[in-house]
Every structure is written in C-alpha cells, then in structure tokens.
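One line per chain: the protein sequences are A and B, in this order. So the mapping is simple: our numbering equals the position in the first sequence, first residue as 1, plus 26. So the mapping is simple: our numbering equals the position in the second sequence, first residue as 1, plus 37. Beta carbons: idealized from backbone N, C-alpha and C, even for Gly. Notes to accompany the following structure.
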Amino acid sequence: MQDPTILILASLADGDKHGYAIMEDIQVFAGIRLGPGTLYGAICRLEGQGWIRAVKSESRRQPYRITAEGSQHLKEQLALLGQVVRTGNRRTREA
Amino acid sequence: MRTLIRWAARLYPATWRHRYGAEFDALLDDISPSLGDLCDVLGDVLRVRATTSIDACLVLAPVSPMTLRLPVVVSLTAHGLMLTLVLLAVWGHVTTMPLHVVAPPPPPAPDPPPQVTDARVFPNALTLYSSLPLSMPAQGDALRLYVSNGVGINFLSLPDIGATYRQGNAEWRVWPGQALESFIVRRVLPEYPRETNIRGAASVFVEYLITRDGSVKVLRTSGPAPFTGAAQSAVQSWVYRPLEYESRPCEVISRLEVRFDSEFARSATSH
Numbered sequence: 027m028q029d030p031t032i033l034i035l036a037s038l039a040d041g042d043k044h045g046y047a048i049m050e051d052i053q054v055f056a057g058i059r060l061g062p063g064t065l066y067g068a069i070c071r072l073e074g075q076g077w078i079r080a081v082k083s084e085s086r087r088q089p090y091r092i093t094a095e096g097s098q099h100l101k102e103q104l105a106l107l108g109q110v111v112r113t114g115n116r117r118t119r120e121a
Numbered sequence: 038m039r040t041l042i043r044w045a046a047r048l049y050p051a052t053w054r055h056r057y058g059a060e061f062d063a064l065l066d067d068i069s070p071s072l073g074d075l076c077d078v079l080g081d082v083l084r085v086r087a088t089t090s091i092d093a094c095l096v097l098a099p100v101s102p103m104t105l106r107l108p109v110v111v112s113l114t115a116h117g118l119m120l121t122l123v124l125l126a127v128w129g130h131v132t133t134m135p136l137h138v139v140a141p142p143p144p145p146a147p148d149p150p151p152q153v154t155d156a157r158v159f160p161n162a163l164t165l166y167s168s169l170p171l172s173m174p175a176q177g178d179a180l181r182l183y184v185s186n187g188v189g190i191n192f193l194s195l196p197d198i199g200a201t202y203r204q205g206n207a208e209w210r211v212w213p214g215q216a217l218e219s220f221i222v223r224r225v226l227p228e229y230p231r232e233t234n235i236r237g238a239a240s241v242f243v244e245y246l247i248t249r250d251g252s253v254k255v256l257r258t259s260g261p262a263p264f265t266g267a268a269q270s271a272v273q274s275w276v277y278r279p280l281e282y283e284s285r286p287c288e289v290i291s292r293l294e295v296r297f298d299s300e301f302a303r304s305a306t307s308h
C-alpha cells in the first residue's frame, strides 16, 4: 500500500483535512510519511480527477474534502485490495 | 533545509505555485524538513515538468501557450542552479541558518589529579652507585657526595623519564636526579637515626619536586618510619639552581633511594 492517492482518500474519508493533517494522519494509520512533493503531487492529481476538492478557508492551510466520486473510487480500490488480501492469505495458508 | 525546499518549489510551474504555493509554504512551516524531503520535492518538480497533462489538474488557473514555453527555459537554468546548490550543500559549503539557539558546550571536565608516583618505580629501582659500602668512602669525590656512615643515596632510573604531569596550572617534568647534579647548590646527607632499634639494612624511597626557585619539596616517601623522617628532612633542605626547559623556568620531579645500614653506622661510631 504505497499509492499516495489511496492513502489520501482514506485519510479524508473521515473528515476534511489540510496537507499537514493528512500527512500526520497517514503516518499514524499507515506508518508511511509522505514527503511534501509526493503529498502535493497526489493532491494535484486527485483534484484533477475530481475525487477531492478544496474547501473554502481563510487560513493558509487549505483543507480538502473527499467528493462522492472520490468516495466511490476509494471503495472500489479497497474492495480490490481486500480481494488481494484474502487471496494472498488463503494461498499462504495452503502453502 | 526549509529554505532549500522553498527554492526547489520555485521550480514548479507558475500555475502550480499560484494554486498550491501558499499552502505548500504553510506545510513547510509545520514540518521539520529533511534532505529526503528536498529530494522528494525535486522529484515531483521533475514529474510535473515532464507531464504534459499538468495543466489538466490545475483546474483553478489555466495557462496560456506563452507561459508554457517560458518555464521550460527557466526550469533548465534553475535545475542546473539547484543541482549546484545541492552539491555545495553536500560538500558543506552552504549551511542553513540554525533554527534554534544551541547552548554552548559544557566546559571540559578538569583533569584528574596526576598519579605522580609510578607504581613500578620504587620496587624496580636500580642503583646508580652500585655496591654502596655505606661507610665513609675513600673512592672519590663523586661517591663521597652521597655516602656517609651507614647512609647512602641512590638516584633511581625513571621509567617515566621525560613525562609531564599537570596539576592546575603547575607543570612538572620528570627527570633523573643524576642528570641534575651540576645544578645542586646545597646538598645534605641524611643522618642515621641513632634512636632506632631496627637492625640491618633499610631503604627509603623519596619522590621530590624541584620548584622554580630551586628549593626542594618532598612529595612522598616510602619506607620504615624512623628512616623516612631522616631522609625527608635531609632531601628537603637541598637547593638547586633554578631549572629551565626550552628557555622557560620549569619544575622537575625526581626520585631517589636512601639506604640505611645499622652495621656500618655502628662501625663508624665505634671507630
């Protein structure tokens, strides 16, 4: 699980967060520290895909919110990942 | 490092900086950036520059064809500059400003007091004047200077010859006593302590300091009690000419053995 876009979507799934909060959240739940370039590269792509959008804010720290399309995409990716996990576990036990 | 990353972020296209620059700056203020973060940003800059669809994701600030061409030229120059800066930083020619005031290092712990006496010195003492008769000699002036009835002085060989011991501001150099004979102004031979009932031979080892003014201070003695007092009082009354090392006044440590023999002391008395 190294895809920063999925990590960011998973982080935003429970609420709006700005860049630093996303970075900290991912470090806590996935143990991965995204670099600032990786983080904003992924944010740029997610925004371009319409999976997240910036929330109006007066602060320099711009919060982001996951969109309905982003939430749907996240569910699909997690389902795929779950399938991979189940298959991998089953085959590991059989080996 | 934060400054370097901000410089690196300037390599993003203007549209990117317009859209994300402020919040990217805020992020840099929140984190403690590392060299890895700098590489991460530079990598993303290259990715963005190499991706033709970059404008598709910059939904808030579309760009014109003119502004697309100019950054290519600028970025080539800037990449070269950044590479030079990174190399200079790696070689230590560029340092970032310290973020925190660092307390000055604690003063070094004072040196422990010197262990002046080498444990090997006294037990392994060698005699300069071997086979001391310890009676009034007739062999020559040099021997007569250090031998009396029942008492003789041996200068010791020093395993730590030339060593320097420091205690506070004092600096003591170890040097053998026989090499300093020509500097002796006044020497006093110990007297055999008549009041003692100890029979036979006894040795007292003396470690002494020749001070800057030439006077002698006994640092320590080793041997039977009645004899140590006699040896100490005699050696302490010696006087040297002030010594110099490399044209500077110095203090010198040396060691000697005082031998006492009741048999020769008695025979001298009986004569």
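Which of helix, strand or coil does DSSP assign to residue i?
{"i": "Lys43(A)", "result": "strand"}
{"i": "Val110(B)", "result": "helix"}
{"i": "Ile32(A)", "result": "helix"}
{"i": "Asp298(B)", "result": "strand"}
{"i": "Arg91(A)", "result": "strand"}
{"i": "Tyr49(B)", "result": "coil"}
{"i": "Gly189(B)", "result": "strand"}
{"i": "Tyr309(B)", "result": "Nothing about residue 309(B) can be read from this structure; chain B reaches only from 38 to 308."}
{"i": "Tyr57(B)", "result": "helix"}
{"i": "Pro263(B)", "result": "helix"}
{"i": "Ser252(B)", "result": "strand"}
{"i": "Ser291(B)", "result": "strand"}
{"i": "Met38(B)", "result": "coil"}
{"i": "Arg285(B)", "result": "strand"}
{"i": "Arg43(B)", "result": "helix"}
Is there at least one Cβ from chain B nearer than 9 Å to residue i's Cβ?
{"i": "Ile69(A)", "result": "yes"}
{"i": "Arg91(A)", "result": "no"}
{"i": "Leu65(A)", "result": "yes"}
{"i": "Ser37(A)", "result": "no"}
{"i": "Gly61(A)", "result": "yes"}
{"i": "Ile86(A)", "result": "Checking the sequence, you will find Arg at residue 86(A) rather than Ile. Output row for Arg86(A): interface = yes."}
With a threshold of 16 other CB atoms inside 10 Å of the CB of residue i, please say whether the residue is buried or exposed.
{"i": "Arg296(B)", "result": "buried"}
{"i": "Arg292(B)", "result": "buried"}
{"i": "Trp53(B)", "result": "buried"}
{"i": "Glu244(B)", "result": "buried"}
{"i": "Glu281(B)", "result": "exposed"}
{"i": "Leu33(A)", "result": "buried"}
{"i": "Lys43(A)", "result": "buried"}
{"i": "Gln88(A)", "result": "buried"}
{"i": "Asp66(B)", "result": "exposed"}
{"i": "Val54(A)", "result": "exposed"}
{"i": "Ser274(B)", "result": "exposed"}
{"i": "Pro286(B)", "result": "exposed"}
{"i": "Gly114(A)", "result": "exposed"}
{"i": "Ala216(B)", "result": "exposed"}
By the DSSP assignment, the beta strand (DSSP E) with residue i in it spans what residues?
{"i": "Ser240(B)", "result": "Ala238 to Ile247"}
{"i": "Val222(B)", "result": "Ile221 to Arg223"}
{"i": "Arg84(B)", "result": "Looking at the DSSP string, Arg84(B) is not in any beta strand (DSSP E); the run it does join, the alpha helix (DSSP H), is Leu72 to Ala87."}
{"i": "Glu208(B)", "result": "Ala207 to Val211"}
{"i": "Ile78(A)", "result": "Ile78 to Ala80"}
{"i": "Tyr202(B)", "result": "Thr201 to Gln204"}
Answer yes or no: does any C-beta atom of chain A fall closer than 9 Å to that of residue i?
{"i": "Trp53(B)", "result": "yes"}
{"i": "Pro70(B)", "result": "yes"}
{"i": "Val123(B)", "result": "no"}
{"i": "Val153(B)", "result": "Residue placement at Val153(B) is poorly supported in this model, since its pLDDT is 48, which falls under 50; the coordinates still yield a value, given next. So no, Val153(B) is outside the interface."}
{"i": "Arg86(B)", "result": "no"}
{"i": "Leu65(B)", "result": "yes"}
{"i": "Gly199(B)", "result": "no"}
{"i": "Val78(B)", "result": "yes"}
{"i": "Glu208(B)", "result": "no"}
{"i": "Ala59(B)", "result": "yes"}
{"i": "Val109(B)", "result": "no"}
Since residue i is in the alpha helix (DSSP H), which residue starts that stretch and which ends it?
{"i": "Arg116(A)", "result": "Ala94 to Glu120"}
{"i": "Leu217(B)", "result": "Per DSSP, Leu217(B) belongs to no alpha helix (DSSP H) and is neither H nor E."}
{"i": "Ile69(A)", "result": "Pro62 to Gln75"}
{"i": "Trp128(B)", "result": "Per DSSP, Trp128(B) belongs to no alpha helix (DSSP H) and is neither H nor E."}
Does any residue of chain D bring its CB to less than 9 Å from the CB of residue i?
{"i": "His44(A)", "result": "Of the protein chains in the structure, A and B, none is chain D."}
Since I believe residue j is in contact with residue i (beta carbons under 8 Å), could you give me their beta-carbon distance rounded to a whole number of angstroms?
{"i": "Leu38(A)", "j": "Tyr90(A)", "result": "6 Å"}
{"i": "Gly67(A)", "j": "Glu95(A)", "result": "Not quite, the Cβ-Cβ distance comes to about 20 Å (not below 8 Å), so this is no contact."}
{"i": "Pro70(B)", "j": "Met119(B)", "result": "The Cβ separation is near 15 Å, so there is no contact."}
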